[in-house]
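Chemist: Following the working numbering, the numbering of the sequence shown begins with 114 at its first residue and continues without gaps. Here a beta-carbon is modelled for each residue, glycine too, at the ideal position from N, C-alpha and C. This structure is a prediction, so every number in the text was calculated from the model and none was measured.
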Amino acid sequence: MQLNTLSQSSLQDYVDCARRFKLRYLDRLSYPAIESEPALENEKHQQEGEYFHRLVQQHLIGIPSEQITKLANTSNLQRWWENFLNEKDLTGLRSLSGLYPEATLSAPLGKFRLLAKYDLIAIENGKATIYDWKTYRKRPRNEWLSARMQTRVYRALLVNAGAHLNNKRSFQPEEIEMIYWFADFPNEPARFSYTSAQYKRDWDTLTKLADEIQTALDYPLTDDRQKCAYCPYRSYCERGIRAGDIDQAEAETEAEELFDVNFEQIGEIAF
Ligand code: SF4
Numbered sequence: 114m115q116l117n118t119l120s121q122s123s124l125q126d127y128v129d130c131a132r133r134f135k136l137r138y139l140d141r142l143s144y145p146a147i148e149s150e151p152a153l154e155n156e157k158h159q160q161e162g163e164y165f166h167r168l169v170q171q172h173l174i175g176i177p178s179e180q181i182t183k184l185a186n187t188s189n190l191q192r193w194w195e196n197f198l199n200e201k202d203l204t205g206l207r208s209l210s211g212l213y214p215e216a217t218l219s220a221p222l223g224k225f226r227l228l229a230k231y232d233l234i235a236i237e238n239g240k241a242t243i244y245d246w247k248t249y250r251k252r253p254r255n256e257w258l259s260a261r262m263q264t265r266v267y268r269a270l271l272v273n274a275g276a277h278l279n280n281k282r283s284f285q286p287e288e289i290e291m292i293y294w295f296a297d298f299p300n301e302p303a304r305f306s307y308t309s310a311q312y313k314r315d316w317d318t319l320t321k322l323a324d325e326i327q328t329a330l331d332y333p334l335t336d337d338r339q340k341c342a343y344c345p346y347r348s349y350c351e352r353g354i355r356a357g358d359i360d361q362a363e364a365e366t367e368a369e370e371l372f373d374v375n376f377e378q379i380g381e382i383a384f
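1. Which value, in whole angstroms, describes the spacing of the CA atoms of K224 and L198?
2. Output the boundary residues of the beta strand (DSSP E) element that contains D245.
3. By the three-class DSSP mapping on this structure, what secondary structure does E365 have?
4. Let me make sure I understand the geometry here. Which of L270, Q121 and N155 has the alpha-carbon closest to that of Q311?
5. Whole beta strand (DSSP E) runs in the stretch 173-255 with 3 or more residues, listed along the chain?
6. At a threshold of 7 angstroms, does R347 count as lining the ligand SF4 (C-beta to nearest heavy atom)?
7. Please state if the CB of I292 and the CB of I243 are separated by a distance shorter than 8 angstroms.
8. Report yes if the CB atom of D126 is closer than 8 angstroms to the CB atom of R137, and no otherwise.
9. Cutting at 7 angstroms between CB atoms, please list the residues of its own chain near L385, excluding the five before and the five after it.
10. Does DSSP put T335 in a helix, a strand or coil?
11. Can we count K340 as close to the ligand SF4, meaning its CB is less than 7 angstroms from some heavy atom?
12. Taking A219 as the reference, which of R268, R261 and E179 has the closest Cα?
13. Taking R65 as the reference, which of R132, T187, G211 and K321 has the closest Cα?
14. What three-state label does DSSP hand L119 in the structure shown?
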């Protein structure tokens, strides 16, 4: 197997559909089908989401807000950026000394390296808060977010590989919290604390998944055909030609299939 690293996205794909994991990460197939309708509008939303992440990152490294505001030049970006600026808890973060925007952490996981890129890790008095910005059009349920690979990987990896951010002392799970902040639902963040028992369960699960991926001989199609409606690989699997209409989708489906931002996708902004 040529794959060396695993991430929350690849693990989530594996859990959702082993075939999708194979097509995307082992065969490295580019997207042959439109993921969802209306395609252009969704693509624009996706790009705006990426751009919003860049604006926040520039804010966190100290670029004056007035300068950034000029770059929020679509109605979505303007609204998200205004919502962000109105969150004093978020804008106040800039004054912390332990601020790590776009931090990358990694640790061995079985025969792989587990890699995660965080929107922000903020450290104050030995406590770490993981922030993740979301530009979803609908607010997913907390139960769904809590079970996502992202929530599990990000907290577990910070315990496992975050000592260098904390004077060489590993964080205890109880010292970690993860916050999803929704740019369109600024007053409804999702907060997830952490415990040693959860950490143990998460790391065991991740290790088991890595072993399973390492030794997998086949990659079955998911039985849950709903997952295929927005999947770009539908034509490979003969699971439908027409893309699903994302306006009809539940919040969780929309969040699952669209609008998640990977840093690898984000380009630079010229200031
Ligand atoms: S179309 Fe369905 S079975 Fe095929 S990769 Fe996508 S989710 Fe899996």
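Modeler: Walking through what the data contain:
1. Each residue's Cα considered, the two are about 43 angstroms apart.
2. Secondary structure note for D245: its beta strand (DSSP E) is the uninterrupted segment K240 to K247.
3. It is helical.
4. Closest option to Q311, Cα to Cα, is L270.
5. You should have 211-214, 217-222, 225-230, 233-237 and 240-247.
6. Because some heavy atom of the ligand SF4 lies under 7 angstroms away, the Cβ of R347 counts as near it: yes.
7. Taking a C-beta distance under 8 angstroms as the contact criterion, I243 and I292 qualify as a contact pair.
8. It is a contact, given that the beta carbons lie within the stated cut-off.
9. Given that the chain is displayed from residue 114 to residue 384, the structure contains no residue 385 and the question cannot be resolved.
10. DSSP places T335 in coil when its eight states are reduced to three.
11. It does: the Cβ of K340 is within 7 angstroms (strictly closer) of some heavy atom of the ligand SF4.
12. Looking at the sequence shown, residue 219 is not Ala but Ser. Nearest C-alpha to S219: R268.
13. Not covered by the structure: residue 65. The range shown for the chain is 114 to 384.
14. Shown here, L119 sits in a strand according to DSSP, grouped into three states.
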